[in-house]
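Enquirer:
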Amino acid sequence: MKPAPFSYYRATSVEDAITALSGADGMAAVLAGGQSLVPMLNLRLSPVDHLIDLRAIAALSRQEETPEAICYGALTTHAAFEDGVVPDGTNGLMRYVASRIAYRAVRNRGTLGGALALADPAADWLTTAVALDASVTLTGPDGQRCLAITDFVVGPYYTQIAEHEIIDSIVVPRRSAAERWGYYKVAPKVGEYAKSLAIALIDHEKESARLVIGAWSDAPLVLEASASAFLEGAKKNDLAVIVQNELDLKMPSLSPAERRLHTSSAVRAAEQARS
Ligand SMILES: Cc1cc2nc3c(=O)[nH]c(=O)nc-3n(C[C@H](O)[C@H](O)[C@H](O)COP(=O)(O)OP(=O)(O)OC[C@H]3O[C@@H](n4cnc5c(N)ncnc54)[C@H](O)[C@@H]3O)c2cc1C
1 MKPAPFSYYR ATSVEDAITA LSGADGMAAV LAGGQSLVPM LNLRLSPVDH LIDLRAIAAL
61 SRQEETPEAI CYGALTTHAA FEDGVVPDGT NGLMRYVASR IAYRAVRNRG TLGGALALAD
121 PAADWLTTAV ALDASVTLTG PDGQRCLAIT DFVVGPYYTQ IAEHEIIDSI VVPRRSAAER
181 WGYYKVAPKV GEYAKSLAIA LIDHEKESAR LVIGAWSDAP LVLEASASAF LEGAKKNDLA
241 VIVQNELDLK MPSLSPAERR LHTSSAVRAA EQARS
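Here's what the structure looks like:
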């Protein structure tokens, strides 16, 4: 199928994009990598009258480093992470995650900002951003605001991006060198969207641990009780029971098979982080 007709505008700056969005008569959407939006347009799943292309905006491809965090412009591609051409403060976790997204042609064009804006529950970056306590900076007609990723994501395909706002950048706090991570993705084939996704982080020096489950029917879930047990060194089978109990409590709608799948992902991610 071909997309329904729309106007196309190539924005030259963030301000230009916001002005174009604000002035659009009808439904407007911004284009980043186009890896999700273009198929949706072709299938006519997304009614768009005006397409505003962000790709010529150099500021959205920037990276800025501070001692505490790294700020990635929204247009930073999956491939840039995979190739290690952008700074990494996560001991290689972001690089590894990027390399597991889709296949290279998608990674060449797909962007961090586009993936978070879409908020597909099965997307790799969403769960990763929650695990890493990232925050999202939005720019709109009234200026900028910064939201913690857990406030930014409201639910599946639903974020706090207001009308006429775009994601400017994503700030990822630097992790300590002592932290270890585990990432476990269950997908029908390598590079496909996850059926289950878990990320585990553990830092014995700071006595902190984090366990996050993604790719279920809602926004990524932070498992606090399981993370405490993980930090305290719960053995594999004991951790599985604790994870399962926490999932029962927080995700009562899961089928037994789904609960088992997510439990297994969480435990495997934890085991990887420990090894
Ligand atoms: C075959 C295939 C397999 C895939 N497999 C995976 C996978 O395994 N894991 C995974 O995580 N992803 C996967 N993806 C998705 C891929 O990562 C996309 O690149 C990503 O979801 C969207 O990023 P994009 O830059 O292409 O955004 P686009 O497609 O350009 O835009 C997506 C949406 O975000 C909006 N948007 C984009 N940028 C901004 C911004 N800066 N501010 C506000 N709104 C914005 C657009 O208006 C649109 O609504 C796959 C895609 C394909 C085609």
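Residue numbers (our numbering): 1 to 275.
Cβ coordinates follow ideal geometry from the N, Cα and C atoms, glycine included.
This structure is a prediction, so every number in the text was calculated from the model and none was measured.
1. Would you please state the rounded distance, in angstroms, between the beta carbons of Thr-150 and Leu-112? I believe it to be under 8 Å.
2. Could you check the C-alpha separation between Ala-257 and Lys-195 for me, to the nearest Å?
3. Which ranges would you report for the alpha helix (DSSP H) in the stretch 45 to 113 if only whole runs of at least 4 residues count?
4. Could you check the C-alpha separation between Ala-187 and Leu-261 for me, to the nearest Å?
5. If you compare alpha carbons, which of Met-251, Ala-219 and Leu-201 is closest to Ser-228?
6. Expressed to the nearest angstrom, what Euclidean distance is found between the alpha-carbon atoms of Gly-233 and Ala-209?
7. By the three-class DSSP mapping on this structure, what secondary structure does Gly-191 have?
8. Any heavy atom of ligand 1 closer than 7 Å to the CB of Trp-181?
9. Does DSSP classify Arg-274 as helix, strand or coil?
10. Just to confirm my understanding: we take Ala-79, look at its own chain, exclude 5 residues before and 5 after, and list those with CB closer than 6 Å. What are they?
11. Excluding the 5 residues preceding and the 5 following Ala-98 in the sequence, name in chain order all residues of the same chain whose CB lies nearer than 6 Å to its CB.
12. With distances taken Cα to Cα, identify the nearest neighbour of Gln-244 among Phe-230, Ser-264 and Pro-87.
13. Within the stretch 150 to 204, note down every full beta strand (DSSP E) run reaching 3 residues or more, in order along the chain.
14. Using the Cα positions of Gly-155 and Pro-121, report the straight-line distance between them to the nearest angstrom.
15. Please report the residue range of the beta strand (DSSP E) in which Ser-135 lies.
16. Report the residue from Gly-143, Phe-152, Lys-185 and Ile-70 whose alpha carbon sits nearest the alpha carbon of Ile-18.
17. Alpha carbon to alpha carbon, how far is Ala-240 from Lys-185?
18. Measure the beta-carbon distance from Leu-221 to Lys-189 and round it to whole angstroms, keeping in mind my assumption that it falls under 8 Å.
19. Identify, in the order they occur along the chain, each residue of the same chain with its Cβ nearer than 6 Å to the Cβ of Leu-93, setting aside the five sequence neighbours on each side.
20. Is the stretch 39 to 48 close to the stretch 62 to 75, with three or more CB pairs under 8 Å?
Expert: Based on what the coordinates show:
1. With a Cβ gap of about 17 Å, Thr-150 and Leu-112 do not count as contacting.
2. Approximately 12 Å, taken between the alpha carbons.
3. List check, alpha helix (DSSP H) in window: 78 to 82, 93 to 99 and 104 to 109.
4. So the alpha carbons of these two residues sit roughly 11 Å apart.
5. Residue nearest to Ser-228 within the set Met-251, Ala-219 and Leu-201 is Leu-201 (criterion: CA-CA distance).
6. Computed Cα separation, rounded: 11 Å.
7. Three-state DSSP puts Gly-191 in coil, outside helix and strand.
8. For ligand 1, not one heavy atom lies less than 7 Å from the Cβ of Trp-181.
9. Helix.
10. Around Ala-79: Arg-107 and Asn-108.
11. Hits under 6 Å: His-78, Phe-81 and Glu-82.
12. Nearest Cα to Gln-244 within the set Phe-230, Ser-264 and Pro-87: Ser-264.
13. Whole beta strand (DSSP E) segments, 3+ residues: 153 to 155, 166 to 173, 180 to 186 and 196 to 203.
14. The straight-line gap from Cα to Cα measures roughly 8 Å.
15. Unbroken beta strand (DSSP E) run through Ser-135: 135 to 140.
16. It is Gly-143 whose Cα lies nearest to the Cα of Ile-18.
17. Distance between the alpha carbons of Ala-240 and Lys-185: 17 Å.
18. Actually they are not in contact, since the Cβ atoms of Leu-221 and Lys-189 sit about 25 Å apart, beyond 8 Å.
19. Excluding residues within five positions, the ones whose Cβ falls inside 6 Å are Trp-181.
20. They do not touch, by the three-pair rule.
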